[in-house]
Amino acid sequence: MESLANFNTQFSHWLSGCVRVCPICYAKTDTTRYLCLTCERFAKLRQYKQWARVQDGTPILSLYKWTEREHEFFRLFAASLKGGGPPSIFEPYAAELLTLRAELRKPIEKTIGRPWLIVPAPSSGHGHRDHAEELAWNIADLSRATYLPCLKRVGLGAQKTKSLAQRWSAQRLGLRGTPRLSAEFLYIFVDDIVTTGSTAAYAYKCLGKPPHFEIWTLFNRPRLRGLR
Ligand SMILES: [Zn+2]
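Start counting the sequence shown at 169; every next residue gets the next number (my numbering).
Take a look at the structure:
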């Protein structure tokens, strides 16, 4: 019986290495591709070729435009990345963000030569890197920038029961340890989704309001009508 269980485990490992399904439409996809070809094309058509938006003077770089019409598609896409998944998923998205950023760089831009500090949105703290950290780590790795997971969540307990105004005024992020922060760096705050930008605003405050600060995310989802 033991050998049968062993065989089953090995077989399922082998199977998961050969057959993958698209997290959005469940079509079979090859092992090198995260989304199936159809979904990948659908997503590609919704990619930004410019800064997603600028909020309070902070430029926001996002790969995908999450609109009301495609809500279900992007909801499934984002949900499938939650918690991290296989780390290899995030490398192509990190590469695409870097390519987009390079294309948007103006020739006289002052950040040229400025060291980058990649700061992920803090995870729930279960020990392993989660989705935002995985994306941030890959961006840092590909661009040879410094990866600094220096933020932590604080006082999350009763968030849901508080009013929006209370949530905004409450401190939600704090610094982990005493990182060496300098105004010389370009700070890149990395998260999976930007909606109101409130998490990034807390991050900016925690990092000492650095003069060079950008937000990079996979999805830009401005507040949608009829959705919370
Ligand atoms: Zn698909």
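All C-beta atoms, glycine included, are put in the ideal place defined by N, C-alpha and C. Every value quoted in this text rests on a predicted model; they were computed, and no experiment measured them.
Ligand 1 and ILE192: does any heavy atom of the ligand fall closer than 7 Å to the residue's C-beta?
yes
Just verifying my parser: in three-state terms, what is the DSSP assignment at LYS233?
strand
Would the beta-carbon of PRO283 fall within 8 Å of that of ALA304?
no
For GLU382, which of helix, strand or coil comes out of DSSP?
strand
Given SER311 as reference, the closest of ALA270, TYR216 and PHE242 once Cα atoms are compared:
ALA270
Under the rule that 16 or more other beta-carbon atoms within 10 Å means buried, what is SER291, buried or exposed?
buried
Taking buried to mean at least 16 other C-beta atoms within 10 Å of its own C-beta, is TRP384 buried or exposed?
buried
Run through DSSP, which three-state label would ASP360 get?
strand
How far does the alpha helix (DSSP H) with TRP397 in it reach, from first residue to last?
Residue 397 cannot be examined here, being either before or after the span of the chain that is shown, 169 to 396.
What three-state label does DSSP hand TYR355 in the structure shown?
strand
Going by DSSP, which residues form a beta bridge with PRO288?
VAL358
How many Å lie between ILE228 and HIS239 at the Cα?
20 Å
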